[in-house]
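What follows is a single structure, written as C-alpha cells, with notes after it.
Protein chains: 2
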Amino acid sequence: MPYELHYWPTIQGRGEFVRLALEAAGAPYSDVAREEGGMEAMEHYLSSADVRRPPFAPPFLVDGRIVVAQTAAILMYLGPRLGLVGKSEADALWTHQLQLTIADFVTEVHDTHHPIASGLYYEEQQAEAQRRAADFRQSRLPKFMGWFEAVLERNPRNAGGAAPHLVGSRLSYADLSLFQVVEGLQYAFPKAARRVLKRAPLVATLHSGVAAHRRLGKYLASERRIAFNQQGIFRRYPELDG
Amino acid sequence: MPYELHYWPTIQGRGEFVRLALEAAGAPYSDVAREEGGMEAMEHYLSSADVRRPPFAPPFLVDGRIVVAQTAAILMYLGPRLGLVGKSEADALWTHQLQLTIADFVTEVHDTHHPIASGLYYEEQQAEAQRRAADFRQSRLPKFMGWFEAVLERNPRNAGGAAPHLVGSRLSYADLSLFQVVEGLQYAFPKAARRVLKRAPLVATLHSGVAAHRRLGKYLASERRIAFNQQGIFRRYPELDG
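Listed in order, the protein sequences are those of chains A and B. Number 35 in UniProt numbering belongs to position 35 of the first sequence; there are no gaps in the numbering. Number 115 in UniProt numbering belongs to position 115 of the second sequence; there are no gaps in the numbering.
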C-alpha cells in the first residue's frame, strides 16, 4: 500500500522534507490533501475523537495502522524503509540528531517573519520581524551553517573529493533536508545565503550534489514540486534580507 | 560506566528533562558540568575539532563512545535502557512524537521572554515579549494543553481512575516531561497555568501522579534539583502572565 502523506496542499512547508525523501527513494505515496476529498481526510486525523493517537499538526504520515507526525519522526520512521539512513544504531541516531537540528533551524527561519504569532499576518508583526531577522542573519544563520560545515568537514568519508554527505558515504534523509534548507534560504534570503555559503563550501557542494540526483532532479522539474511562495516557511521579504 | 550528562550547571533548562528520566529510573549518572572541571569537559565536546560528531548545543549525553545531543533524541536513546518506554516500535515512535511536541512547546515558552534574540537581555525585548506572551496564553498554551488532555482521554488504559499515563499503563519519559512542563508553567505563568489546568484535569492528575513517584519525590526534595530561576526556560515575569 502506498504511503499517505498528509500536508497542506499549496506550500512546500515542513511536508517538503518528507516529499523529498519519498521522491528520492522512488517510493509509492499519495499526497493526500492535494487530491479530491483529501483535506477532509487530513481534518479527520486532526480532529476526530476516533483517532486514538492524533497528530498535533501536519505533516503526518499514514502507513497502514501507523500514524506518525513530527517531520523528524516521520523521516526516522521512513529512513530504514527507504534506504536513506545507515544501518547501525549510532548512524541512525546521528542522522536523526542532524534532522532535529534542521527542525530547530527551520523553526527559526519561520519565526523571522512571524516572531510574535503564527495567527497574525506578517504586516502585523513586521517591525518585530525586522529585528528578529537581523539577529537571524548575523548570529543564528552563521551558527547553524558553520555547524553543518563542521559536520561535513569531520566526516572522514568526505575526504575523496566526491559530493559530500552528512553521514558516511551515502545519501541520507538529512542530506535531502539540508539541500531543502539551502534552497529555501536562497529563495528567502538571497543576499544572506550567498554570504553564508561562501564560508560553507561543503554545504554548497552537498546542495549541488543533491540537486543532481537523477530521481530528485525529475521531481524538482515536475509539477509535483510546489514553487516557493509567500505562505510557506521560506518567504521572500526583501526588508528581512540584509 | 555511569551516563555522563552535559548541561549548564545552574539552570533546569532542557537538561532537566534528561535528569528526570535518569532520576526516576535510579540510573547512575554524573551531571558533569556541576563537577570540578566539568565546564571544560562540556566545552571540549562543543568546540574541539577532534570530536567527529559534535553536539550543536547542550544538553548532550555521553555513553561510552556514543555522544547524543537533542533532548528528544537523548530520551529516545535512554528510554528502552531505563525502562521508560513501551517495547513495540509503535509505542516507541508515539512516545517520541509526544516528546517532540513537548520540545516545540518548550521552545514557544522560551520565546515568550526572548521573541527577538537569545543573545539579547529580556529588557531589550520586553515590549515584543508582552505581545508574544499574550498570544501564547490565549492561543498556543490552550492548544498544546488541549492536545495533551485529548491524548490522555483517548488512551484506553486511563479508564480505570488510577493516575493517567500518556502511553499505555506505565510511566514513560514523556510523562516525566509533561510533568516538568506543568511545573514550569506553574512557576512562570501561575495565573494562566491555573486557568488552563482547569480545562485539562487529566494533565493535572498526571502531574500529581508523577510528583508522588517515590524516587522522583526524593530527587525533587534534594539539592540535585536546581530551583527554577530567571536564567532558565521558565521565568516568572508577572507582566507576561495574564
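Glycine included, every Cβ here is placed at the ideal spot set by N, Cα and C.
Whole-number beta carbon distance between residue j and residue i, since they are thought to touch under 8 Å
i              : j              : result
V51 (chain B)  : L61 (chain B)  : The pair is not a contact, with the Cβ atoms about 14 Å apart (cut-off 8 Å).
Y173 (chain A) : L75 (chain A)  : 5 Å
T101 (chain B) : R14 (chain B)  : With 8 Å as the limit, T101 (chain B) and R14 (chain B) do not qualify as a contact, their Cβ atoms being about 15 Å apart.
H6 (chain A)   : A41 (chain A)  : 7 Å
Q126 (chain A) : A117 (chain A) : Contact flag wrong, Cβ pair sits at about 13 Å.
M1 (chain B)   : G64 (chain B)  : 6 Å
V196 (chain B) : V106 (chain B) : Not a contact, Cβ separation roughly 16 Å.
Where the alpha helix (DSSP H) through residue i begins and ends
i             : result
A57 (chain A) : That residue, A57 (chain A), is in no alpha helix (DSSP H); it is neither H nor E in DSSP.
Simplified DSSP assignment, three categories, for residue i
i             : result
Y3 (chain A)  : strand
Y29 (chain A) : strand
L22 (chain A) : helix
L46 (chain B) : helix
L75 (chain A) : helix
L61 (chain B) : strand
R81 (chain B) : helix
G86 (chain B) : coil
G15 (chain B) : helix
H36 (chain A) : Looking at the sequence itself, residue 36 (chain A) is Glu, so the reference to His does not match. Coil.
Own chain, CB closer than 7 Å to residue i, minus 5 neighbours either side, in chain order
i              : result
A129 (chain A) : T112, H113, P115, Y122 and L240
R235 (chain A) : H113 and A188
T10 (chain A)  : I226 and Q231
L152 (chain B) : N158, P164, L166, L202, V203 and L206
G83 (chain B)  : A25
A103 (chain A) : T71 and A72
P190 (chain B) : D241
Span of the beta strand (DSSP E) around residue i
i             : result
V67 (chain A) : I66 to A69
Proximal residues to residue i (C-beta, below 6 Å), its chain only, five neighbours per side dropped
i              : result
A133 (chain A) : T112 and L240
T95 (chain A)  : V85, V167, S172 and A174
R137 (chain B) : A192 and G242
R140 (chain B) : E108
L185 (chain A) : A193
Spatial neighbours of residue i in its chain, beta-carbon cut-off 8 Å, leaving aside the 5 residues before and after
i              : result
L216 (chain B) : L20, E23, A24, L176 and V210
Y45 (chain B)  : H6, V51, P54, P55, F60, V62 and V67
Y3 (chain A)   : L22, A27, P28, Y29, S30, L61, V62, D63 and L78
A200 (chain A) : M145, G146, F148 and E149
S208 (chain B) : A163
Return the chain-ordered ranges of every alpha helix (DSSP H) run that is complete within the UniProt domain "GST C-terminal" (95-240) of chain B and spans a minimum of 4 residues.
126-135, 141-154, 173-188, 190-198, 201-211 and 214-221
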